[in-house]
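The structure under discussion appears below in the form of structure tokens.
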Amino acid sequence: MVLSERVPDLRSLQLLLAVRDRGSLGAAGAACGTTQQAASARLRAVEAQVGVRLVVRGARGSHLTPAGELLAHWADAVLAAATSLDAAVAALRADAATHLRLAASLTVAEHLVPRWLAALAGRARAEGLAPPEVSLRTANSDDVEALVRAGEVELGFVEGPRAPAGLPGTVVGTDELVVVVAPDHPWARRRGPLAAAELAATALVAREAGSGTRSALEEALAGAVPGVVPAPPALAVASAAAVRASVVAGVAPGALSSLAVADDLALGRLVAVPVRGVDLRRRLRAVWAGGSTPPAGPARTLLALAAAEAAARPRP
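Per the working numbering, the very first residue in the sequence shown carries number 11; after that it's consecutive.
Dropping the structure here:
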């Protein structure tokens, strides 16, 4: 239902009630934070809008006409509902300032979000505030996107090859996929880099469908080797830890975020295999629903801290 143009706005109704309760335009204007002249002009505009005379102005004050009294009676209920709505909005804003709901792809959740949240808590304490209460849901990138669209979280962090359609967002970091094998795998002893076509033809241990890691690898290979469909996975699993364990066990090679395999490479549990002819770099993104700017409050602060860390971190 669309309201007609005859319905006065809430501030005009407040002014009308103030005239009724205080008996003068000057007192009513002061109660509503405006001058007598501005109050008089607003009431004339409301009378023109409604189409009937609402206020009788006199040397000893002002009072409502019978039509004005009737409109004021109806306005009482409207303003009471508006006051309740105003209090509810204030409560929502207060909750948004002290609570933050996040969803992140597994790689981002495990390796980046904890540092960002520590920085967010530190910023709050430095400003003499209590750190916001944070809830974090981990899922693959497709599911994170769905949570953002459904309004179940304020911010989502995804790692797919491109920005989700229809969701505003910003890049919060870069990453690179690394092809890894067990130390006893033949690729570990290669003298030269692996060709993109050979990688595409190899069945890998992969993340499940919908994972940003898997989507980024498949798209990179499809672009590097036109017309070649990457081989189906030798094994599809639901976490980076499961991919690492399967590769270490010798099931097949795998491709994971450099963030996820850094410790395994340093300790010699896995060996990185250079690949030529394909760009395995990718962008990590924050996404949200609504306007072009991120939600106000701790969500926006978190993104600023993430951007600052990304700027200071060496690029892959």
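For every residue, glycine included, the Cβ atom is placed at its ideal position computed from N, Cα and C.
Which residues share a DSSP beta bridge with residue i?
i	result
residue 67	72
residue 166	113, 297
residue 103	Looking at the DSSP assignment, residue 103 forms no beta bridge with any residue, so it has no partner.
residue 147	113
residue 204	285
residue 217	247
residue 185	292
residue 179	297
residue 123	For residue 123, which the question treats as bridged, DSSP gives no partner whatsoever.
residue 191	281
By Cβ distance, which residues of its chain are closer than 7 angstroms to residue i, with the 5 residues on each side in sequence left out?
i	result
residue 18	56, 59, 60
residue 46	35, 36, 39
residue 32	38, 41
residue 148	114, 116, 119
residue 131	141
residue 244	213, 214, 215, 261, 262
residue 176	none
residue 108	142, 143
Under a Cβ-count criterion, where at least 16 other Cβ atoms within 10 Å of its own Cβ denotes burial, should residue i be classed as buried or exposed?
i	result
residue 100	exposed
residue 121	buried
residue 204	buried
residue 166	buried
residue 217	buried
residue 264	buried
residue 76	exposed
residue 303	exposed
residue 14	exposed
residue 87	exposed
residue 84	exposed
residue 78	buried
residue 238	exposed
residue 97	exposed
residue 12	exposed
residue 250	buried
residue 196	exposed
residue 49	buried
Leaving out five residues before and five after residue i in sequence, what residues of the same chain have Cβ atoms less than 6 angstroms from its Cβ?
i	result
residue 145	111
residue 209	285
residue 164	111, 305, 309
residue 73	66
residue 20	92
residue 137	none
Beta-carbon within less than 8 angstroms of residue i's beta-carbon, same chain only, minus the 5 sequence neighbours each way: which residues are those?
i	result
residue 280	190, 191, 192, 193, 254, 257, 258, 271, 274
residue 37	28
residue 53	22, 25, 26, 29, 35, 64, 65
residue 135	141
residue 287	205, 206, 207, 234, 235
residue 301	178
residue 157	113, 147, 149, 163, 166
residue 282	188, 189, 190, 271, 275
Measuring from the CB of residue i, is there a heavy atom of the ligand FMN at a distance below 6 angstroms?
i	result
residue 137	Of the ligands one can find in the structure shown there are none, so the ligand FMN has no counterpart to examine.
- Message: Suppose only complete runs of 3+ residues qualify. What are the beta strand (DSSP E) ranges in the stretch 222 to 293, listed by chain order?
- Response: You should have 245 to 247, 264 to 267, 281 to 283.
- Query: Does the stretch 222 to 239 come close enough to the stretch 289 to 299 that 3 or more CB-CB pairs lie under 8 angstroms?
  - Reply: These segments touch.
- Message: Would the stretch 176 to 187 count as touching the stretch 310 to 317 if we require 3 or more Cβ pairs under 8 angstroms?
- Response: In this structure the stretch 176 to 187 lies against the stretch 310 to 317, because at least three pairs of beta carbons, one per stretch, are closer than 8 angstroms.
- Is it a yes or a no for the stretch 122 to 140 touching the stretch 81 to 95, going by three-plus beta-carbon pairs under 8 angstroms? The stretch 122 to 140 is not in contact with the stretch 81 to 95.
- Counting Cβ pairs, one atom from each stretch, are 3 or more of them under 8 angstroms apart for the stretch 157 to 176 and the stretch 226 to 233? Segments in contact, yes.
- Inter-stretch contact at 8 angstroms, needing at least 3 Cβ pairs: the stretch 150 to 164 / the stretch 201 to 213: Because the criterion of three Cβ pairs below 8 angstroms is not met, the stretch 150 to 164 and the stretch 201 to 213 do not touch.
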